[in-house]
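Asker: As numbered in full-length UniProt numbering, residues 428 to 706 make up the sequence shown, in order. Idealized CB from N, CA, C, for every residue including glycine. Model, not experiment: these values are computed from the prediction. Right, I'll just put the structure down here and ask away after.
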Amino acid sequence: SKEQGRDRYQFYSSTMTSKVSEWLRLEHLLHQALVNEELFLVYQPQLDLESGKIFGMEALLRWHNPELGLVSPAKFIPLAEDNGLIVPIGEWALLSACAQIKAWQLLGIEPFKVSVNLSARQFQNANLVEMVTQILQETEIDPQWLELEITETTIMQNVNFARQALEKLQQIGVRISLDDFGTGYSSLGYLKQFPFHTLKIDQSFVRDLKENSRDTAIISAVIALGRGLNLRVIAEGVETQQQLELLRNLQCEAIQGYWLSKPLIAAEVVNFLTCHAKM
Ligand code: C2E
Ligand code: CA
Ligand code: CA
Ligand code: CA
Numbered sequence: 428s429k430e431q432g433r434d435r436y437q438f439y440s441s442t443m444t445s446k447v448s449e450w451l452r453l454e455h456l457l458h459q460a461l462v463n464e465e466l467f468l469v470y471q472p473q474l475d476l477e478s479g480k481i482f483g484m485e486a487l488l489r490w491h492n493p494e495l496g497l498v499s500p501a502k503f504i505p506l507a508e509d510n511g512l513i514v515p516i517g518e519w520a521l522l523s524a525c526a527q528i529k530a531w532q533l534l535g536i537e538p539f540k541v542s543v544n545l546s547a548r549q550f551q552n553a554n555l556v557e558m559v560t561q562i563l564q565e566t567e568i569d570p571q572w573l574e575l576e577i578t579e580t581t582i583m584q585n586v587n588f589a590r591q592a593l594e595k596l597q598q599i600g601v602r603i604s605l606d607d608f609g610t611g612y613s614s615l616g617y618l619k620q621f622p623f624h625t626l627k628i629d630q631s632f633v634r635d636l637k638e639n640s641r642d643t644a645i646i647s648a649v650i651a652l653g654r655g656l657n658l659r660v661i662a663e664g665v666e667t668q669q670q671l672e673l674l675r676n677l678q679c680e681a682i683q684g685y686w687l688s689k690p691l692i693a694a695e696v697v698n699f700l701t702c703h704a705k706m
């Protein structure tokens, strides 16, 4: 009936309004997050399966807001990408990671590389290379300890710009990692064109990994590809001993995931490394 139709309309309309106002509220709070120092980085270790050594950590953003509690990056990164806030937030993340690299080195810890995620928006920014160069100078770290993670989707948005930026970044000595490999589009073409150091096999291939499965075939092909192109291949999202064993059998070089460690706050990293070295 007409009556029901109107009720239904009002129902949808009010849910939409509340979605919009939730988004706006989140946006407002995210604007203040930088100023109020509510953002921080956590670091997830990466293990070389052959040497048993921790060779790197991925820096991942966290937002703790007094009202909202801990907000997942899956929620606030898309928002920040949408409204452009990812540019200052991403710059903060890079500076913070580089300052942390320096701090660990001053503590006398054996150096390892730190990977920082770059979003598509940052990648479209003409100042990207300058920004990275300036942060490296300011924090006085050797560029070889910094790796930048980008996805195929990011490259796709402006292939020519991406090529120039990546070549310049490589020239200054920064490493480049291709994240979420296998989930985007013409991956193989990008591998030919761009100067990557690392390939990260997306966790969707690792999640349901079983012997003789399609995932196994894909992963072993990517590992062979990485070896042929002289890239370090890291499997992401390794949670179980079984996944680890299967990856070992496939001669996977390196892993990252909950099996090894959840992302850690900076203060926990030193302890993790000390315990790991004793194992
Ligand atoms: P990503 O770059 O693919 O990062 C890997 C995600 O997998 C992280 O989620 C990590 O905590 C999670 N993870 C690690 N090990 C496991 C595991 O064994 N099992 C499962 N299920 N998950 C695992 P997180 O920290 O929630 O970040 C989500 C995404 O947000 C990232 O995906 C990245 O795209 C984005 N992100 C995080 N930090 C930054 C940043 O500083 N800048 C930018 N632009 N994006 C970021
Ligand atoms: Ca990543
Ligand atoms: Ca990833
Ligand atoms: Ca991802």
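Please classify Q471: does DSSP put it in a helix, a strand, or coil?
Answerer: Here residue 471 refers to the residue found at position 44 when the sequence shown is read from its first residue. It is a strand residue.
Asker: Could you tell me whether the region 621 to 633 touches the region 593 to 600, where touching means 3 or more Cβ pairs closer than 8 Å?
Answerer: yes
Asker: Comparing C-alpha positions only, which one of K480, L636, E494 sits nearest to H455?
Answerer: Stepping through the sequence shown from its first residue, residue 455 is reached at position 28. Here the closest residue by C-alpha is E494.
Asker: Tell me which residue opens and which closes the beta strand (DSSP E) that V543 is part of.
Answerer: Looking up residue 543 in the sequence shown gives position 116. Its beta strand (DSSP E) spans residues 540 to 544.
Asker: If you count every other CB in all the chains shown that lies within 10 Å of the CB of V447, and 16 or more means buried, which is it?
Answerer: Counting from 1 along the sequence shown, the entry for residue 447 is found at position 20. Exposed, because fewer than 16 other Cβ atoms sit within 10 Å of the Cβ of V447.
Asker: If I measure Cβ to Cβ from S445 and keep anything under 6 Å in the same chain, skipping five residues before and after, which residues do I get?
Answerer: As a working mapping, residue 445 is identified with position 18 in the sequence shown. Here the set comprises nothing.
Asker: In chain order, what residues of the same chain lie with their CB nearer than 6 Å to the CB of L545, ignoring the 5 residues before and after it?
Answerer: As a position in the sequence shown, residue 545 is number 118, starting the count at 1. Excluding sequence neighbours, L545 sits near L575, I577.
Asker: Is it the case that the CB of Q630 approaches a heavy atom of ligand 3 more closely than 8 Å?
Answerer: Within the sequence shown, numbered from 1, the residue matching residue 630 stands at position 203. Under cutoff, so the answer is yes.
Asker: Taking I536 as the reference, which of G684, W572, T442 has the closest Cα?
Answerer: Position 109 of the sequence shown, counted from the start, is the residue given in the question as residue 536. For the residues G684, W572, T442, the minimum Cα distance to I536 belongs to W572.
Asker: In angstroms, rounded to a whole number, what distance separates the CA positions of T560 and F539?
Answerer: Numbered from its first residue, the sequence shown carries residue 560 at position 133. Numbered from its first residue, the sequence shown carries residue 539 at position 112. Take the alpha-carbon of T560 and the one of F539: they are about 19 Å apart.
Asker: Under the rule that 16 or more other beta-carbon atoms within 10 Å means buried, what is P500, buried or exposed?
Answerer: Translated into positions along the sequence shown, residue 500 becomes position 73. Classification of P500: exposed, given that the 10 Å Cβ count is below 16.
Asker: According to DSSP, N492 sits in a beta bridge with which residue or residues?
Answerer: The residue labelled residue 492 in the question sits at position 65 within the sequence shown. N492 is bridged by DSSP to G496.
Asker: Within the continuous beta strand (DSSP E) that includes A553, where are the two ends?
Answerer: Start at 1 with the first residue of the sequence shown, and residue 553 comes out as number 126. Careful: A553 lies outside any beta strand (DSSP E) and carries neither H nor E.
Asker: For the beta strand (DSSP E) containing D606, name the first residue and the last one.
Answerer: Counting from one through the sequence shown, the residue named residue 606 turns up at place 179. Here the beta strand (DSSP E) through D606 covers 602 to 608.
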